[in-house]
Amino acid sequence: MTNRDDDIEKALSLRLSQNAKKMNYTLPIDMFDCLRNTSCSIINGSERKVVSPSGDFKDIRWEKDTNKFFTPVNSGLEKRVVPFANYLLKSKIYKQVLVNFNDAEGHDYSRLLPSNLTFQGPIQYARTKSQRDYVTLFPLGKSFMGLGSRNVPLERDDLPFEKKKDTLVWRGAPSGVYFTNFNEKKSARNTVYEKAPHTHFSKFARLSLIPELSKKPEFNVGFTAPSNDNYRKLVDYLKVNLPTSFSPKMNIADQRAYKYLLAIDGNDIPSNIFWALMSNSVVLKVESEWETALCAGLEPWVHYVPVTNVESIEKAINFLNDNIDLCKTIINNAHNYMSFHMDLKYRRILDYLTVNEYCKNLIDTTHITDDYCFFTSDGKL
């Protein structure tokens with residue numbers, strides 16, 4: 001039996017940034033403009049407000065009647081930020097918390113934040129490994145990363161591994177993101193608008209690998225067209241230039257009928273990673289820089305099989321087909337890993353510890369007055 005105390009301690013250590021483990025300072029509002037090109041916002045529990053450098057989140061307001069933050073907006077970042085802001089208040093966290101719950105926010109905060117003091121880094125649901133110094137991980141709310149959500153369905157996989165189809169399956173959107181040397185975020189769906197060359201697609205994991213895999217008749221792999229209009233030009237372009245890369249949509253139950261499930265980055269983490277790890281199939285994961293609070297502790301050849309390209313996928317499947325006991329061990333390890341993160345009593349403790357540890361070393365200077373030190377607010381005589 002695994003010692004859950006050790007599991008909690010390990011998971012907490014993985015979630016916390018190096019900044020959060022030492023003394024750091026809240027970012028003054030008058031310095032917040034340094035994060036204008038990010039989706040960061042500040043949740044100030046003591047003043048009951050949420051602000052951002054770009055002026056977003058005007059639809060987030062404090063309701064005295066319910067004693068909660070509220071937004072009438074049914075989509076977007078507001079729906080991610082509001083539940084977290086209310087969670088902080090329920091947890092009696094009143095310090096100024098920096099949060100960024102947008103997709104694929106892989107910014108180099110060491111270049112964005114002022115360097116004269118150690119300022120707080122943001123809390124994000126996903127980060128790159130290179131962001132571990134500044135970014136603390138916290139899962140999105142139950143609608144996104146909770147048991148019963150679209151990404152973590154309640155339905156069990158009751159089909160034994162031996163009775164599944166001996167091949168690989170994947171479906172997903174032609175999404176992807178990368179950052180330039182100037183800390184500028186570029187998305188796959190905008191490459192067509194910018195008239196980028198076709199070779200530009202090599203910067204995106206899905207656009208470089210999925211078209212090649214879709215040429216292999218033994219694999220059931222292909223893009224599906226998102227309903228989001230933002231992808232329309234990219235989808236039209238791909239259907240003309242890479243027509244074989246698209247396949248009919250498949251639900252989760254149908255994908256679980258295959259022995260091998262591919263997990264490959266979209267805008268950040270693979271959106272299928274959680275339900276895939278909970279299935280009775282082996283996850284073949286394209287190695288990635290991205291991690292979340294729920295998958296930061298995953299280990300290759302323990303919880304999943306690492307792959308990089310078409311050749312490595314073919315070799316992995318041939319090897320796994322000859323090593324069924326290893327497949328079952330990997331599946332069992334993945335189940336044990338996810339069972340911890342989906343257990344309410346442990347998740348509740350871990351989430352609470354995360355926000356408390358984030359704030360423990362945080363020196364909140366937002367309420368400090370300078371009347372005692374200076375004659376004027378700018379410190380000049």
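Each residue of the sequence shown is one higher than the one before, starting from 1 at the first, in the UniProt record's numbering.
Quick reminder that beta carbons are idealized off the backbone N, C-alpha and C, glycines included.
Host alpha helix (DSSP H) of Asn-318 (start-end)
310 to 321
Let me check one thing: in DSSP terms, what residues is Ser-13 bridge-paired to?
Partner(s): none; Ser-13 has no beta bridge.
Compute the distance between the beta-carbons of Asn-116 and Ser-39, then report whether it is under 8 Å.
no
Mind pulling the beta strand (DSSP E) runs of 3 or more residues that sit fully within the segment 259 to 304?
282 to 286, 290 to 292
Anyone know if the C-beta pair for Ala-126 and Thr-292 falls short of 8 Å?
yes
So which of Phe-274, Cys-295, Asn-37, Thr-191 has the shortest CA-CA distance to Gly-148?
Looking at the Cα atoms, Phe-274 is the closest of the given residues.
Specify the secondary structure class of Leu-381 as computed by DSSP and reduced to three states.
Note on Leu-381: pLDDT 47, under 50, position unreliable in the model; no value is reported.
Can you give, in chain order, each stretch of the alpha helix (DSSP H) that sits fully within the segment 75 to 157 and has at least 4 residues?
78 to 90, 109 to 112, 142 to 145
Considering only C-alpha positions, which residue in the set Val-73, Thr-167, Pro-72, Ser-17 is nearest to Asn-318?
Thr-167
Straight-line Cα distance separating Arg-347 from Leu-262:
27 Å
Can you tell me whether DSSP reads Leu-350 as helix, strand or coil?
helix
Where do the N-terminal and C-terminal ends of the beta strand (DSSP E) with Lys-21 fall, by residue?
Segment: none, Lys-21 is in no beta strand (DSSP E) and carries neither H nor E.
Give me the Cβ distance between Thr-66 and Val-82, rounded to the nearest whole Å; I'm assuming they're in contact under 8 Å.
With a Cβ gap of about 12 Å, Thr-66 and Val-82 do not count as contacting.
Could you please give me the residues that DSSP links to Cys-177 through a beta bridge?
Sequence inspection shows Val at residue 177; the Cys mentioned does not correspond to that position. Answer by DSSP bridge pairing, in chain order: Ser-187.
Counting along the chain, where does the beta strand (DSSP E) carrying Ile-42 start and finish?
41 to 44
Member of Tyr-358, Val-177, Tyr-94 whose CA lies at the smallest distance from the CA of His-107:
Of the candidates Tyr-358, Val-177, Tyr-94, the residue whose Cα lies closest to the Cα of His-107 is Val-177.
With Leu-213 and Val-286 assumed to form a contact (beta carbons below 8 Å), what rounded beta-carbon distance in angstroms separates them?
11 Å between Cβ atoms; not a contact.
Asp-5, DSSP secondary structure in three states:
helix
State buried or exposed for Ala-205, treating a residue as buried only when at least 16 other CB atoms are found within 10 Å of its CB.
Residue burial is scored here from C-beta neighbours: Ala-205 has at least 16 other C-beta atoms within 10 angstroms and is therefore classed as buried.
Measure the beta-carbon distance from Asp-268 to Ala-104 and round it to whole angstroms, keeping in mind my assumption that it falls under 8 Å.
4 Å
Thinking C-beta only, is Leu-362 closer than 8 Å to Asn-24?
yes
Excluding the five sequence neighbours on either side, which residues of its own chain have a C-beta within less than 6 Å of the C-beta of Met-342, listed in chain order?
Closer than 6 Å at Cβ, skipping near neighbours: Leu-147.
Chain-order list of residues whose beta-carbon lies under 8 Å from that of Glu-289 (same chain, five-residue window excluded)
Gly-106, Thr-128, Lys-129, Ser-130
Which word fits Lys-95, buried or exposed, when buried means at least 16 other C-beta atoms lie within 10 angstroms of its C-beta?
Its Cβ being crowded by 16 or more others within 10 Å, Lys-95 is buried.
Quick check: the segment 170 to 184 against the segment 221 to 228, are at least 3 beta-carbon pairs closer than 8 Å?
yes
One question on the structure: do Lys-164 and Ala-257 come within less than 8 Å of each other, judged by their Cβ atoms?
yes
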